[in-house]
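Structure, as C-alpha cells:
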Amino acid sequence: MTSSRLLAWCLLLGSVACDPARSKSIEPPPTIHQPSHQDWRLVWQDEFDGAPGAPPSPERWNADVGGDGWGNGQYEHNTARTENASLDGEGHLVITARKERYQGNDYTSARLNTRGKFERAYGRFEARIQLPTGKGIWPAFWMLGANFPQVGWPECGEIDIMEHRGQLPAIVRGSLHGPGYSGGENVGGEHVVSGGKLYEDFHLYAVEWDPDRIRWFVDDVAFLEVTPKDLPASRRWVFDHPHFLILNIAVGGNYVGPIDGTTQFPQTMRVDYVRVYARAE
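Just so we're aligned, residue 329 is where the sequence shown starts under the numbering used here, counting upward by one.
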C-alpha cells in the first residue's frame, strides 16, 4: 500500500463505523438539563445564511470527494456538487443523498469537513439538525483528530457527536474511537428520543469536551459521559488535541446495513447551524 493510499485510508476508515452489538456501552449520567449558554463563549459558527442553491462557505468547509466505500462499505459517491450540498435560502445547509449513477456508484451524497479551516480541542460543539430517514441511511455529525496525517486512524481519535440509523427513527448514538477501542469496539451509548421521530423536526446534538471528560446531549439533555477510566484496560485517552468537524450522509455501510425497496430518495439532512463554544472565563 503506497503512503498516499495509506493516508487516504486513515481518513476514510474513520467514518464513524461501529457495531453496537460489539461496542462497549457506558452507563449514562443522571439525566440533567444543560445550563444556559452564559457559561460559554462563542468561538466559531456557521448559520448557513445565503442565496438558495449556493454552495456551503468555502472559507469554512471542504468537500470530501470519492466513492470507494470510505472504509465502511458505503455505497455513495460523495461529490462537491450543489446537487448534494447547498444552502436553501432560509438559513439551512441541505445535504442530499440521491439515487443516481455517478462515477461508478449508484448513489451520490456529500461529506463536508473543516480540516485546515477550523480545528479545536475542548469546548461545546453543537448542531441543530433535521435528520433523513430510511433503511440504510446513515447521517452523522462527528469530529476527527487533526493529526491523522501523522499518526493515522484511530490513533488520531474520533468523536461521534451524533450518528443515526435511518431505520431506527427515534435513536441516536454517541461514541469514541481510539487505539484499541475503534470500529465495532468503540466506547459509547445510544439515546432514545421520546415523543416523535427525529426526521419530523430539528433537534440539537452536542458534546461538551473537557480534558478527561466528554459528555453527549440531545436537545440539552445529557445521555452519555465518558472519561479515561471508562476505556478498556490499558487503553490510552487520545482526546487532548484539536479535531475538525464533519457533516455527512452515508448510504449503506457497516453500521446501518443495506438499503432496500422501502428507502425513498432523495433523502435530506437539513442543518440549521453549527456552533462551537469555549468555556467562559
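We treat Cβ as the ideally placed atom computed from N, Cα and C, and that holds for glycine.
Within the stretch 471–495, the runs of alpha helix (DSSP H) at least 4 residues long that lie entirely inside it are, in chain order, 476–479. Taken in chain order, the whole beta strand (DSSP E) runs of length 3 or more contained in the stretch 508–535 are 515–520. Lys463 sits in coil when the DSSP states are folded into three classes, being neither helix nor strand.
Between the stretch 381–394 and the stretch 558–567, the count of C-beta pairs closer than 8 Å stays below three; the two stretches do not touch. Spanning the alpha carbons of Asp548 and Arg603 requires a straight line of approximately 14 Å. If you draw a straight line from the Cα of Glu609 to the Cα of Leu575, it is about 29 Å long. In the DSSP annotation of this structure, the continuous segment of the beta strand (DSSP E) that includes Ser437 starts and ends at 433–437. Using a Cβ distance threshold of 8 Å, Pro482 and Ser510 count as a contacting pair.
DSSP places Lys427 within a strand segment (E or B) once states are collapsed to three. Going by C-alpha positions, Gln478 is about 42 Å away from Thr590. Counting C-beta pairs with one atom in each stretch, the stretch 412–425 and the stretch 468–477 have fewer than three that are closer than 8 Å, which means they do not touch. The C-alpha of Thr461 lies about 23 Å from the C-alpha of Pro383. For a cut-off of 8 Å, the C-beta gap from Ile487 to Ile577 is around 19 Å, too long to register as a contact. DSSP places Gln366 within a helical segment (H, G or I) once states are collapsed to three.
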